[in-house]
Ligand SMILES: Nc1nc2c(ncn2[C@@H]2O[C@H](COP(=O)(O)OP(=O)(O)O)[C@@H](O)[C@H]2O)c(=O)[nH]1
Ligand SMILES: [Mg+2]
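Chains as they are written, first to last, in the numbering used here: chain C, 1 to 130; chain Y, 131 to 441.
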């Protein structure tokens, strides 16, 4: 039985629409990944807990509201507390270049800004999934 | 980490890893299943099936909350189809269950059907065992009821809830024919829509025709899952069926039949694997060649293979 890459696609924060996240979810499915899609407005605690229960290989976070500097690292932190290792966490959304180094230092493996072709995301996951 | 000891203690990390192991048929999967087996058989398993979009996930969310308020812990396996093209899947059932995520007494796992549905029903049953051994009182299996194989998944259940909705037109006929006979309890969800009366009468009529071997007459409950209406009544009728199963001893019969099936299926697989190991591929090819050239017939070919293997 072949193993499939499982990806949690989640939207923390309060911004309301998830068009971008859905596009990514569909592209990942078409690349052969199993995507667990959780909808909008989740708390960091809910996202980390869903990642735990679903035993995903990748957590893909999407955020437009500008709270990435607090929310993304918080999710990474809670996942660590729960004993989740070997998960690749990536982020996307409207994120200023200046914030990217800080996010990477906090455990976000890569940040994809709007307009990134979905192939790039897929390639990155395939190359870096643990 | 001693995955078995930890999952028996209810560790969510261990539960999660164990389900991954059975789902991917990792090397340690069989050992895990062997060790947890004595701790299974305690949970009550409820299958939920029906057409896509009927509100199964929304209903599972509400049913779980009702069971939690009755003091039960709950495990949920939500199965969605894999794409036949890419093999990938979008598993979206959790969207309807986000409020359950932080409940310590609930564990939710999404699974894709992947290649073989036969294999899937076994893996679903194994994931149920993991949740059972971890101490969940109630386990829901949600699956889309369209094909026979999805129906097989639900056969791992002690009680099967079939969810239908009004106004699906004639398409529903085929679906209904297939899943009607497995329903122990029915919900007409989206009862806020037109056509509830008609659907209710249709189901009653089909149940009248259904020659069941038992005296159980499935109850039909109207629900509006999105508004949490009819949910208490639905849990009551599930519980009524559960009590009936226990009182009549039917639950043992159903579980015995399931266990028998499980052993036979595993035996089948083991024999196939053994055959593949024993009979060289070249030997098999050569026989096939003979048969296709009419120098031999398939019946004699099978006999000679069996004679070699079983000697
Ligand atoms: N009008 C109405 N909509 C509902 C009801 N129950 C669920 N829904 C909606 O139906 C859609 C599909 O529900 P979902 O639970 O995902 O269905 P599933 O595919 O069977 O699991 C969602 O938008 C729900 O909010 C209901 O009783 N009435
Ligand atoms: Mg669903």
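For every residue, glycine included, the Cβ atom is placed at its ideal position computed from N, Cα and C.
Taking the beta carbon of residue 102/C as the centre, do at least 16 other beta carbons fall within 10 Å, making it buried, or is it exposed?
Numbered from 1 along the first chain, position 102 holds the residue referred to as residue 102/C. Counting Cβ neighbours within 10 Å, residue 102/C comes out exposed, since fewer than 16 surround it.
Is there at least one non-hydrogen atom of ligand 2 closer than 8 Å to the beta-carbon of residue 186/Y?
Locating residue 186/Y in the second chain gives position 56, counting from the first residue. Yes, Cβ of residue 186/Y sits closer than 8 Å to a heavy atom of ligand 2.
Which residue comes first and which comes last in the beta strand (DSSP E) that contains residue 233/Y?
Translated into positions along the second chain, residue 233/Y becomes position 103. No beta strand (DSSP E) holds residue 233/Y; DSSP gives it neither H nor E.
For residue 158/Y and residue 394/Y, I'd like the C-alpha separation in whole angstroms.
Here the question's residue 158/Y lines up with position 28 in the second chain. Here the question's residue 394/Y lines up with position 264 in the second chain. Near 22 Å, if we compare the C-alpha coordinates of residue 394/Y and residue 158/Y.
Please report whether the beta-carbon of residue 81/C lies at a distance below 9 Å from any beta-carbon of chain Y.
Working through the first chain from its first residue, we reach residue 81/C at position 81. Cβ-Cβ to chain Y under 9 Å: no for residue 81/C.
On the DSSP letters alone, give me the boundaries of the beta strand (DSSP E) that residue 34/C sits inside.
Residue mapping note: residue 34/C aligns to position 34 of the first chain, counting from 1. Run containing residue 34/C: 34-37, per the beta strand (DSSP E) assignment.
Only counting runs of 3 or more residues, tell me where the beta strand (DSSP E) segments fall wholly within the stretch 41-127 of chain C, in order along the chain.
Taking only runs of at least 3 residues, the beta strand (DSSP E) segments lying wholly in the stretch 41-127 of chain C are 58-63, 88-93 and 110-112.
Would you kindly work out how many angstroms separate the C-alpha atoms of residue 297/Y and residue 323/Y, rounded to a whole number?
For this step, residue 297/Y is matched to residue 167 along the second chain. For this step, residue 323/Y is matched to residue 193 along the second chain. For residue 297/Y and residue 323/Y, the distance between alpha carbons rounds to 8 Å.
What residue range is occupied by the uninterrupted alpha helix (DSSP H) comprising residue 386/Y?
The residue you call residue 386/Y lines up with position 256 of the second chain. Counting along the chain, the alpha helix (DSSP H) containing residue 386/Y begins and ends at 380-408.
Span of the alpha helix (DSSP H) holding residue 191/Y?
As a first step, residue 191/Y is located in the second chain; it is residue number 61 there, counting from the start. Per DSSP, residue 191/Y belongs to the alpha helix (DSSP H) from 186-199.
Could you tell me which uninterrupted alpha helix (DSSP H) segments, each at least 4 residues in length, are contained entirely in the stretch 304-362 of chain Y, listed from first to last along the chain?
If we require 4 residues or more, the alpha helix (DSSP H) runs fully inside the stretch 304-362 of chain Y come out as 326-339.
For the alpha helix (DSSP H) containing residue 414/Y, list its first residue and its last residue.
Within the second chain, numbered from 1, the residue matching residue 414/Y stands at position 284. Residues 411-422.
Return no unless some Cβ of chain C is closer than 9 Å to the Cβ of residue 231/Y.
Here residue 231/Y refers to the residue found at position 101 of the second chain. It does: the Cβ of residue 231/Y has a partner Cβ on chain C nearer than 9 Å.
According to the Cβ coordinates, are residue 145/Y and residue 271/Y closer than 9 Å?
Position 15 of the second chain, counting from 1, holds the residue named residue 145/Y. Position 141 of the second chain, counting from 1, holds the residue named residue 271/Y. No, the Cβ-Cβ distance between residue 145/Y and residue 271/Y is not below 9 Å.
Along the stretch 177-203 of chain Y, what residues have a CB closer than 9 Å to any CB found in chain C?
Those residues of the stretch 177-203 of chain Y that come within reach of chain C (Cβ to Cβ, closer than 9 Å) do not exist; the list is empty.
Cβ atoms of residue 50/C and residue 42/C: under 9 Å apart, would you say?
The count along the first chain starts at 1 and reaches residue 42/C at position 42. The count along the first chain starts at 1 and reaches residue 50/C at position 50. Yes, the Cβ-Cβ distance between residue 42/C and residue 50/C is below 9 Å.
With a CB to CB cut of under 8 Å and the five nearest residues on each side skipped, what residues in its chain are close to residue 434/Y?
Translated into positions along the second chain, residue 434/Y becomes position 304. Hits under 8 Å: 417.
Indicate whether residue 89/C and residue 129/C have their beta-carbon atoms separated by less than 9 Å.
For the purposes of this step, residue 89/C is identified with residue 89 of the first chain, where counting begins at 1. For the purposes of this step, residue 129/C is identified with residue 129 of the first chain, where counting begins at 1. For residue 89/C and residue 129/C, no; Cβs fall outside 9 Å.
Determine the contact status of residue 176/Y and residue 260/Y, defining contact as a CB-CB distance below 9 Å.
On the second chain, residue 176/Y is found 46 positions in, with the first residue counted as 1. On the second chain, residue 260/Y is found 130 positions in, with the first residue counted as 1. In this structure, residue 260/Y does not lie closer than 9 Å to residue 176/Y by Cβ.
Between residue 1/C and chain Y, is the shortest Cβ-Cβ distance under 9 Å, so that the two count as touching?
As a first step, residue 1/C must be located in the first chain, where it is residue number 1. The predicted model places residue 1/C with a pLDDT of 46, which falls under 50 and marks its position as unreliable; any figure quoted below should be read in that light. Judged by the 9 Å Cβ criterion, residue 1/C is in contact with chain Y.
For chain C, check one thing: does any of its Cβ atoms lie closer than 9 Å to the Cβ of residue 150/Y?
Residue numbering aside, residue 150/Y sits at position 20 when the second chain is read from its first letter. So yes, residue 150/Y belongs to the interface.
Using a beta-carbon distance cut-off of less than 9 Å, what residues from the stretch 421-435 of chain Y approach chain C?
From the stretch 421-435 of chain Y, no residue has a Cβ closer than 9 Å to chain C.
Distance cutoff 9 Å, beta carbons only. Does residue 87/C sit that close to anything in chain A?
No chain A is part of this structure, whose protein chains are labelled C and Y.
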